[in-house]
Amino acid sequence: MKNDTKPISRKAFMEELRRYEKGSVTRRHFLGVTGLGTAMAVMGGAMPGLLPTRARAQEIGDRVVLATWPNYHDPANFDAFTDATGAYTQVNVFGSNEEMLAKIQAGGSGWDVFVPTNYAVPTYVEAGLIEPLDLSKIPNYDPAAFDSRFADAGTIDGVVYGVPKNWGTTGIAFNSDKTGGVVDSWKTFFDGARDQFDGRAMVHDYQLTTIGNALVYHGFSFNSVDPAELAQAEKLLIDVKPHLYAISSDYQPAMRNGDAWLTMCWTGDGKQMNSDMPEIGFALGKEGGEIWSDFYAIPKGAPHKEAAYALINFLLDPQVNARESLAHGYPVADSRTNALLPEELLNDPILYPAAEALAPLEFGAAVTLTDPNRAELMARFKSA
Amino acid sequence: MAMTQFRARALLLTPAGLWYAALLLLPLAVVLIFSFGERSAIGGYAPGFTLEQYANLPARFAAFRNTMTLAPLGTVASLLIAYPLAYFLAVRVSPKWKTMLLVLVIVPFWTSILIRSYAWIFLLGGKGIPALLAQIGLDDVRLLNTPFAVLVGIVYGYLPLMVFPIYVALEKLDKRLLEAAADLGTPPWRAFLQITLPLSMPGVLTGSMLVFILLMGEFLIPAILGGGKVFFVGNALVDLFLQSRNWAFGSAVAVALVVIMLITVALYTRAVKRFGASRDDVGLM
Numbered sequence: 001m002k003n004d005t006k007p008i009s010r011k012a013f014m015e016e017l018r019r020y021e022k023g024s025v026t027r028r029h030f031l032g033v034t035g036l037g038t039a040m041a042v043m044g045g046a047m048p049g050l051l052p053t054r055a056r057a058q059e060i061g062d063r064v065v066l067a068t069w070p071n072y073h074d075p076a077n078f079d080a081f082t083d084a085t086g087a088y089t090q091v092n093v094f095g096s097n098e099e100m101l102a103k104i105q106a107g108g109s110g111w112d113v114f115v116p117t118n119y120a121v122p123t124y125v126e127a128g129l130i131e132p133l134d135l136s137k138i139p140n141y142d143p144a145a146f147d148s149r150f151a152d153a154g155t156i157d158g159v160v161y162g163v164p165k166n167w168g169t170t171g172i173a174f175n176s177d178k179t180g181g182v183v184d185s186w187k188t189f190f191d192g193a194r195d196q197f198d199g200r201a202m203v204h205d206y207q208l209t210t211i212g213n214a215l216v217y218h219g220f221s222f223n224s225v226d227p228a229e230l231a232q233a234e235k236l237l238i239d240v241k242p243h244l245y246a247i248s249s250d251y252q253p254a255m256r257n258g259d260a261w262l263t264m265c266w267t268g269d270g271k272q273m274n275s276d277m278p279e280i281g282f283a284l285g286k287e288g289g290e291i292w293s294d295f296y297a298i299p300k301g302a303p304h305k306e307a308a309y310a311l312i313n314f315l316l317d318p319q320v321n322a323r324e325s326l327a328h329g330y331p332v333a334d335s336r337t338n339a340l341l342p343e344e345l346l347n348d349p350i351l352y353p354a355a356e357a358l359a360p361l362e363f364g365a366a367v368t369l370t371d372p373n374r375a376e377l378m379a380r381f382k383s384a
Numbered sequence: 385m386a387m388t389q390f391r392a393r394a395l396l397l398t399p400a401g402l403w404y405a406a407l408l409l410l411p412l413a414v415v416l417i418f419s420f421g422e423r424s425a426i427g428g429y430a431p432g433f434t435l436e437q438y439a440n441l442p443a444r445f446a447a448f449r450n451t452m453t454l455a456p457l458g459t460v461a462s463l464l465i466a467y468p469l470a471y472f473l474a475v476r477v478s479p480k481w482k483t484m485l486l487v488l489v490i491v492p493f494w495t496s497i498l499i500r501s502y503a504w505i506f507l508l509g510g511k512g513i514p515a516l517l518a519q520i521g522l523d524d525v526r527l528l529n530t531p532f533a534v535l536v537g538i539v540y541g542y543l544p545l546m547v548f549p550i551y552v553a554l555e556k557l558d559k560r561l562l563e564a565a566a567d568l569g570t571p572p573w574r575a576f577l578q579i580t581l582p583l584s585m586p587g588v589l590t591g592s593m594l595v596f597i598l599l600m601g602e603f604l605i606p607a608i609l610g611g612g613k614v615f616f617v618g619n620a621l622v623d624l625f626l627q628s629r630n631w632a633f634g635s636a637v638a639v640a641l642v643v644i645m646l647i648t649v650a651l652y653t654r655a656v657k658r659f660g661a662s663r664d665d666v667g668l669m
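Protein chains in written order, with our numbering: chain A, 1 to 384; chain B, 385 to 669.
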């Protein structure tokens, strides 16, 4: 109580200033502990011109529109962003890169920030739908701190179009009480779906992963667009279809209530289900599968471009990014952020699988996004 | 005088005219133009003039087949459930209860169909009705993510649209006709077949048409209760526009769907004429 009312000592103030300069505390924390925030608010009340939020609200506007994936942020961070800048974050949630691309292609999406996956970036660049990033406006992005495996896809011909958000994998989630053990191969997944797991397996309603993993089953590349290889994948999928529980990317409810026993699954979903129900495990397919990386990017013609830069920079603040990761359970490629995360998370085999489990995985290739044969194959599979 | 009348009419019709021009005719024209175009290399629309998209329509045969099977089936099932209900409400219930019962029929509309369909996921899922059936010895019944689940969702969702037109037709029925028939010794079942049913046909046809047309474009219920395995034309359209982004082909599928509906409406109009109903009686269409 006494400390709260007493002004901060000179020494403590200088220590806090150093920490703030080094970037180990946020501006908000700095203003809070030093009392400068209160001082500014009081003075701002008397002299409105001094009020920072108002001044900056004019700079970046009062809102920023974000197009992102489900369960992919800590809502508290958006509130903190509003407190710090006066800009409100309007969140639009999408189910696939294809859907996002369709909305941007149609024009007038009104988005300021979106989160394309590695394999979608080249298409956006080719179609001129994505803004080259001015990195001077994203000081929190430190390329040296990021694992280049997950950062490279954001840069095309030396131009940076996206800065890394999170990375992850697409593996298999299984309920070991029902499956009687670990399911860690696409062979077991697809063969089991027609046998001991009849009516209990789910595949994504998503051509990239569903077709990709059927290709991997046959020993082909996850990214193949070879007609003969696709034909074999199609035969497998159509053969399996009557035995599937569902074709849906919304697999958590069915897994949690026990109707589905195993499903294709993204890292964060696997982590979320495993935390609540330890009997639900997550494994990568031995034969291969997908590894991916998402990026923050700005679409051409973003209506609130300054706010877009401010939001990206804010979310890449290691403190903020760590809170994001704790909320959604997807790994981050930023060593500064990882330094702030608890040890057990960094050792979690779902988030950070062993190198040899990751080795057979492939990044999605740009061609899969636009290949008409894969799209038609998916339609035939779904309507069969 | 005539001039003023003309002006007043023009003025009153302008909002509706603009509305339909901007939000119905214009989009339809765009869809028609797109259907002769091509898919650009990265997806979306590329201008062109080709009949390729229409030639490719058989690629969505299964989707049309599923829709053309479940839409009539859903319409007939709704009718079989709705008619007795409407009859009961219009003819048998005392006026005291009528309003309240009618309101109860509408009540489900107060909640979004999306949420109501999700509720069915829990009812039909492993912890719902199948769990109850297991209690009486029927093990491992799978209901969710089957065509049956989609049919249940359809009938549930569209029932009120069937009940009301039939109710209105039966409500208007002149009860003296039935009394006269009884006086002349007609048994009740015959009076129903010869008087009540024919006179309620306009309502039956209107309700069936409303339900059928909406079902032809349905995509939500198959996606939610069919587990993505029951694929309607509506689902094909969603995928073509949002996933594979083949807007030209998607437009051709949409045009084909519109044509099928136009043919259905034409058949409907002829059926209505056959039953001798004047256009006014079929107000909803």
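Ideal placement from N, C-alpha and C gives every residue a C-beta, glycine not left out.
query, result
"Should P372/A be flagged as near chain B, meaning a C-beta pair shorter than 9 Å?", "yes"
"A333/A: which of H73/A, A84/A, A144/A, V125/A sits nearest, CA to CA?", "A144/A"
"Pop quiz: T580/B and L594/B are said to be a contact at Cβ under 8 Å. What is the actual Cβ separation, rounded to whole angstroms?", "Actually they are not in contact, since the Cβ atoms of T580/B and L594/B sit about 21 Å apart, beyond 8 Å."
"Just how far apart, CA to CA, sit M255/A and A413/B?", "45 Å"
"Is the distance from the Cβ of A233/A to the Cβ of Y245/A below 9 Å?", "no"
"Would you mind sorting L79/A into buried or exposed? The rule is 16 or more other CB atoms within 10 Å of its CB.", "Note on identity: in this sequence residue 79/A is Asp, with Leu being the wrong assignment. Exposed: under 16 other Cβ atoms inside 10 Å."
"Tell me the rounded alpha-carbon separation between L463/B and S592/B.", "7 Å"
"With a CB to CB cut of under 8 Å and the five nearest residues on each side skipped, what residues in its chain are close to D259/A?", "R200, Y245"
"Taking the Cβ atom as the reference point for each residue, do P468/B and Y540/B lie within a distance shorter than 9 Å?", "no"
"In chain A, what lies closer than 8 Å to G421/B by C-beta?", "Near G421/B there are no residues of chain A at all, since even the closest Cβ is about 14 Å away, more than 8 Å."
"So, does the CB of L244/A fall closer than 9 Å to a CB anywhere in chain D?", "No chain D appears in this structure, whose protein chains are A and B."
"Name the residue from R449/B, L395/B, R391/B whose alpha carbon lies nearest to the alpha carbon of L641/B.", "R449/B"
"In chain A, what lies closer than 7 Å to I426/B by C-beta?", "T123, E126, A127, T370"
"Taking the alpha helix (DSSP H) that L581/B falls in, what are its first and last residues?", "581–600"
"What residues in its chain sit with their C-beta under 7 Å from that of M645/B, if we drop five residues either side in the sequence?", "I597, M600"
"Where does R560/B sit, in a helix, a strand or coil, going by DSSP?", "helix"
"What's the call for V521/B, buried or exposed, on a 16-neighbour Cβ count within 10 Å?", "According to the sequence displayed, residue 521/B carries Gly and not Val. G521/B should be labelled exposed."
"Taking only the alpha-carbon atoms, compute the straight-line gap between P572/B and W504/B and give it to the nearest angstrom.", "39 Å"
"Which residue marks the beginning of the alpha helix (DSSP H) containing L346/A, and which one marks its end?", "343–346"
"Whether or not the segment 127–135 of chain A and the segment 449–458 of chain B are in contact is what I'm after, with contact meaning three or more pairs of Cβ atoms, one per stretch, closer than 8 Å; do they touch?", "no"
"Please identify the residue among V225/A, N223/A, T267/A whose C-alpha is closest to the C-alpha of F174/A.", "T267/A"
"Using the three-state DSSP reduction, which class does K398/A fall into: helix, strand or coil?", "Residue 398/A is absent from the structure shown; chain A starts at 1 and stops at 384."
"Under a three-way DSSP split, which group does A228/A fall into?", "helix"
"Buried or exposed for T368/A, going by 16 or more other Cβ atoms inside 10 Å?", "buried"
"Taking one C-beta from the segment 185–192 of chain A and one from the segment 272–288 of chain A each time, how about it: are there three or more such pairs within less than 8 Å?", "yes"
"Rounded to the nearest angstrom, how far is the Cβ of D112/A from that of A307/A, given a contact under 8 Å?", "6 Å"
"Within 10 angstroms of its Cβ, does L311/A collect 16 or more other Cβ (buried), or is it exposed?", "buried"
"I'd like the list of long-range same chain contacts for A365/A, defined as Cβ closer than 8 Å, with 5 residues on each side in sequence excluded.", "Y119, N223"
"Please classify A231/A: is it buried, with 16 or more other beta-carbons within 10 angstroms of its beta-carbon, or exposed?", "exposed"
"Could you name the residues of the segment 160–182 of chain A whose beta carbon sits closer than 9 Å to any beta carbon of chain B, in the order they occur along the chain?", "none"
"Find the nearest neighbour of N166/A within the set Y141/A, W292/A, G270/A, E343/A, judged by alpha-carbon distance.", "W292/A"
"Assuming I280/A is part of the beta strand (DSSP E), what are its boundary residues?", "280–283"
"Quick check: what's the CA-CA separation for P253/A versus M202/A?", "12 Å"
"By the 10 Å Cβ neighbour count, where 16 or more other Cβ atoms means buried, how is V91/A classified, buried or exposed?", "exposed"
"If you run the structure through DSSP and keep just helix, strand and coil, what is V42/A?", "Note that V42/A scores a pLDDT of 48, beneath 50, so its modelled location is shaky and nothing firm can be said."
"If you draw a straight line from the C-alpha of E582/B to the C-alpha of F548/B, how long is it?", "Sequence check: residue 582/B is Pro here, not Glu. For P582/B and F548/B, the distance between alpha carbons rounds to 17 Å."
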